[in-house]
Amino acid sequence: MSVNLQQLGRAEVPEIATTLRNAGISGAGGAGFPTHAKWTRLDDVSFLVVNHQESEPNYYIDKWLGRSRAEDFASFFDALLEQALELVVVCAKETDRERWMGRFEDAVDGSVYAPERLPLDPDDESGVVFAYTDDRYEYGMENVLLRLVADVVLQNELPMDHGWIVQNTETMHNVFHALDEGDPVTRKLVHVDGNVPRHRFLEVPVGTPAATLLEAAGRSSAELDDEMLADGGPGWCFEVDGSPAEFGVKKRTNCVLVLDDEVVAENTLGDGRINVLNAYDWSGDHETEPTRIEPDVVRVPLITNPDFGDVVAESRPIVGEGAEVTEGEMIAVPGQGAISNTQHASIDGTVTAVTDAHVEIRRDARGEGSSTYVAEHERMVYWTWCRECGEYVARPDPEHLGARTEYVCEDCR
6 MSVNLQQLGR
16 AEVPEIATTL
26 RNAGISGAGG
36 AGFPTHAKWT
46 RLDDVSFLVV
56 NHQESEPNYY
66 IDKWLGRSRA
76 EDFASFFDAL
86 LEQALELVVV
96 CAKETDRERW
106 MGRFEDAVDG
116 SVYAPERLPL
126 DPDDESGVVF
136 AYTDDRYEYG
146 MENVLLRLVA
156 DVVLQNELPM
166 DHGWIVQNTE
176 TMHNVFHALD
186 EGDPVTRKLV
196 HVDGNVPRHR
206 FLEVPVGTPA
216 ATLLEAAGRS
226 SAELDDEMLA
236 DGGPGWCFEV
246 DGSPAEFGVK
256 KRTNCVLVLD
266 DEVVAENTLG
276 DGRINVLNAY
286 DWSGDHETEP
296 TRIEPDVVRV
306 PLITNPDFGD
316 VVAESRPIVG
326 EGAEVTEGEM
336 IAVPGQGAIS
346 NTQHASIDGT
356 VTAVTDAHVE
366 IRRDARGEGS
376 STYVAEHERM
386 VYWTWCRECG
396 EYVARPDPEH
406 LGARTEYVCE
416 DCR
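Laid out in C-alpha cells, this is it:
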C-alpha cells in the first residue's frame, strides 16, 4: 500500500519503500541510485544526514531549496523525528550560512555545530542539528562527510550498517512530496554552464533534451566544434554519449557543461571522470533561482544511471507508441531484479517512441490522429502491488484481492 506522512509511524518498512519506488525517486545527484533501496533499511537506522554541501562552485539547487522550501523540510523533519528517527543532521558549508541558511535554521529551530566542534556524538543529540563544515570539495562525498560529522568510518559497508541514512537535499524534498502528497518525480532542477553565454539554473521535466538546455543558455547545440557535452559539475562530470538532442535529463542530472575537447583531454581521470575545477573560471554572474522550461519533447530514461546495470534493472515500459499520457502518469514499472524503479510521464502528450533506453513523449503529437495504445499484455488493467514484497502485479487474481491495495502475490502466499 502507499504511505503518507501521517501514516509514517504506523507503516511497515516495505510499505514506505514501496511508496518511494512508486514515486520513482532516485538520488537527485551523484550516482542516482534508486532511493527506496536505502529506506528498506529504515528499521536499522536512527540517524539521517541531509547532505547540503553542494560542493560544485556553480550549483544552487540545494541552497535554493533549503531557503525557499524551509517550511516543507521543517514539517518533514518533525514527522521523521516523531515517528521514525532520533536525529536529523543537516550538513552545509559554513561559507553558505550567512547568505543561504537563515530561513532554513529559523523554520527548523535546530541546534548548531560550528566546524571546530565536529564530530558530534549522535547519542548526545536529538532533534535537528545544523553541522557546518569548512569549504572543501571532498566533503560532498557521503563517506567523507560521515567521517567528518559523526566519526563514522565506512570501509566496505554502507551508512545504514552504522545506523545512518544519507540523502541530498533535493532527494529529501522529493521524498517529502511522495509521502506528503503522493507526488511522483517528474521534474528536475538543473544548471547549464561552461562555454555558454550565460549560466542558467532551470526547472525542467525529466527527459528534457540537453539541446533545449543549451538553447536556454543562448547556445546552439549544432555548433559544438572542438567541444563536448558533459553531464555533471566542474569537479565531477562525464562525457555525454550521443548528441545534445539525444541526451535526456536524468533524475540525477544536476548540470550539463560545454567544455573544450583539449581541456577535457588534459583533465580526464580514471573511469572517465573529468575534473575541470581549475581549468576554467567558475565565478561570475550566476542564476540563483530557477526558471521553468517547458520543452515540446522529452525522452524519459528507463534507468537513471546505466553504470548500475549489473545491480539496477531497467524499468519496463507499459505504454506503446501512440499512447496519450498526462504528466505524472506511470509509463514504466520496475523491471525484473532486486532493485528497479518506476518512471512517469513528465509532460502531457503522445508517446512517439519506446526504446530500450527511454520513452519519448511529444506535446505537439497529441490529437493528430494517433490512437491510444497500451502494451497489449497490460491492456485495460489497473496496477497494484503485493503488500508483502512490493512486486507489481498487472492482473491481480480477484480471489486474493481485498482492498484495492491489499493484494498478496502467489510467491508470498
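In this note's numbering, the protein residues as written are 6 to 418. Just so it is clear, CB atoms sit at the ideal spot from N, CA and C, and this is done for glycine as well.
Can you name, in chain order, every residue of its own chain whose Cβ lies under 7 Å from the Cβ of residue i, other than the five neighbours on each side?
i, result
"A84", "L10, L13"
"R102", "Y137"
"Q341", "A318"
"N27", "S7, T347"
"E292", "H204, R205, F206"
"L25", "T40, H41, W44, V180, A183"
"R72", "W105, R108, F109"
"L194", "I66, E175, E208, P295"
"G374", "In this prediction, G374 has a pLDDT of 40, which is less than 50 and means its spatial position is unreliable; nothing more can be read from the coordinates."
"S31", "G37, F38, P39, T40, K256, R257, T309, N346"
"P210", "T191, R192, P300, V303, S351, I352"
"P127", "F52, L92, A155"
"D369", "D301"
"R278", "W241, F243"
"G289", "H204"
Within a Cβ cutoff of 8 Å, which residues of the same chain sit near residue i, ignoring the five residues on either side of it in sequence?
i, result
"G223", "V201, P202, R203"
"V359", "P322, V324, G325, E326, E365"
"G333", "D188, P189, T191, H349, A350"
"R367", "D301, V302, G354, T355, T357"
"V245", "A215, M233, L234, A235, D236, F252, V261"
"A119", "E99, Y137"
"D49", "M165, D166, G168"
"L282", "P62, Y142, P239, G240"
"E87", "G14"
"Y64", "H196, G238, N259, C260"
"G314", "I308"
Just to confirm the assignment, what range does the alpha helix (DSSP H) spanning residue i have?
i, result
"M233", "Counting along the chain, M233 falls outside any alpha helix (DSSP H), though it belongs to the beta strand (DSSP E) covering 232 to 238."
"V18", "18 to 27"
"N179", "174 to 186"
Under 6 Å Cβ to Cβ from residue i, same chain only, skipping five residues before and after it: list those, please.
i, result
"A284", "V268, N272"
"V117", "F135"
"T331", "D353"
"L159", "N148"
"I142", "First, the residue type needs correcting, since residue 142 is Tyr and not Ile in the sequence shown. If we look at Y142 and ignore the five residues flanking it on each side, its Cβ neighbours are S60, G240."
"A22", "H41, W44, T45"
"A380", "A caution first: A380 carries a pLDDT of 44, below 50, which makes its placement in the model too unreliable to give a value."
"H167", "V157"
"D185", "L10"
"E17", "none"
"S226", "A216, L219, P249"
In the DSSP assignment, find the beta strand (DSSP E) that holds residue i and state where it starts and stops.
i, result
"R192", "192 to 199"
"A358", "354 to 359"
"H363", "363 to 367"
"F38", "Where F38 is concerned, there is no enclosing beta strand (DSSP E), given that its DSSP letter is neither H nor E."
"M335", "335 to 338"
"R304", "302 to 306"
"L53", "52 to 56"
Where DSSP assigns a beta bridge to residue i, which residues make up the other side?
i, result
"E208", "L194, R297"
"P214", "G253"
"W169", "F52"
"A318", "S345"
"S31", "P39"
"E329", "T355"
"V8", "None, per the DSSP bridge assignment."
Checklist entry - Can you list, in chain order, the stretches of the alpha helix (DSSP H) that have 4 or more residues and sit fully within the segment 74 to 157? => result 75 to 88, 107 to 113, 147 to 155
Next on the checklist: Just to confirm the assignment: which complete alpha helix (DSSP H) runs, minimum length 4, are found wholly within the segment 226 to 293?
Outcome noted: 266 to 271
Checklist entry - Do three or more CB pairs link the segment 122 to 136 to the segment 85 to 102 at distances below 8 Å? => result yes
Next on the checklist: I'd like to know if the segment 70 to 82 and the segment 218 to 236 are in contact, where contact means that at least 3 CB-CB pairs between them fall below 8 Å.
Outcome noted: no
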